[in-house]
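Pasting the structure below:
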């Protein structure tokens, strides 16, 4: 796909990637059809000033090339987004696995502590006589053990 416009070596051509919206001069672009033999009726973008002033270097871009550029840019963005999504999914899965392992460990620790506290309370009740089992001090101690266990469970679950 060649351009029918020729430029001297002193002029530099600005490269526009994708579908252009404005010329470098600020003018809006219009589409035209080529009238050359090589590119007859091939559509291109050009600003009105560039059409009137052929010797100036205003934006010129074939529409089909602009669309191909745009498709390539979108493909690149989609590929990057797919890679980012894959990375995000993997890191999220890893975090969930770590959280699950942590929670399993915390639950086992809490179960063990609760079992120890229950055993200790049962031993205390059995070691004291029946008359002491009903005493206020034993009830307060049992309540303190239960309250301490509940506070520990709450602290483990919230950290």
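Numbering (the UniProt record's numbering), first residue to last: 1 to 159.
Beta carbons are placed, not taken as given, at the ideal position from N, Cα and C, and that holds for glycine.
Original post:
Which one or two residues does DSSP pair with residue 29 in a beta bridge?
Top reply: 47
Original post:
DSSP three-state call for residue 156: helix, strand or coil?
Top reply: helix
Original post:
Should the segment 20 to 31 be called in touch with the segment 41 to 49, which here means at least 3 C-beta pairs below 8 Å?
Top reply: yes
Subject >> Counted within 10 angstroms of its Cβ, other Cβ atoms place residue 33 as buried (16 or more) or exposed >> reply: exposed
**OP:** Would you decide whether residue 105 is buried or exposed? Buried here means 16 or more other CB atoms lie within 10 Å of its CB.
**Re:** exposed
Original post:
Anyone know if the C-beta pair for residue 117 and residue 149 falls short of 7 Å?
Top reply: yes
Original post:
Is residue 90 helix, strand or coil by DSSP?
Top reply: helix
Original post:
residue 24 lies in the beta strand (DSSP E); which residues open and close that run?
Top reply: Where residue 24 is concerned, there is no enclosing beta strand (DSSP E), given that its DSSP letter is neither H nor E.
Subject >> Sufficient close CB pairs (3 or more, under 8 Å) joining the segment 19 to 26 to the segment 58 to 73 >> reply: yes
Subject >> residue 125 versus 139, 114 and 115, residue with shortest Cα-Cα distance >> reply: 139
**OP:** Kindly indicate the opening and closing residues of the beta strand (DSSP E) around residue 60.
**Re:** 60 to 62
Original post:
Is residue 117 helix, strand or coil when you go by DSSP?
Top reply: helix
**OP:** Apply the 10 Å Cβ neighbour rule to residue 50 and answer buried if 16 or more other Cβ atoms are within range, or exposed otherwise.
**Re:** buried
Subject >> residue 111 - DSSP class collapsed to helix/strand/coil >> reply: helix
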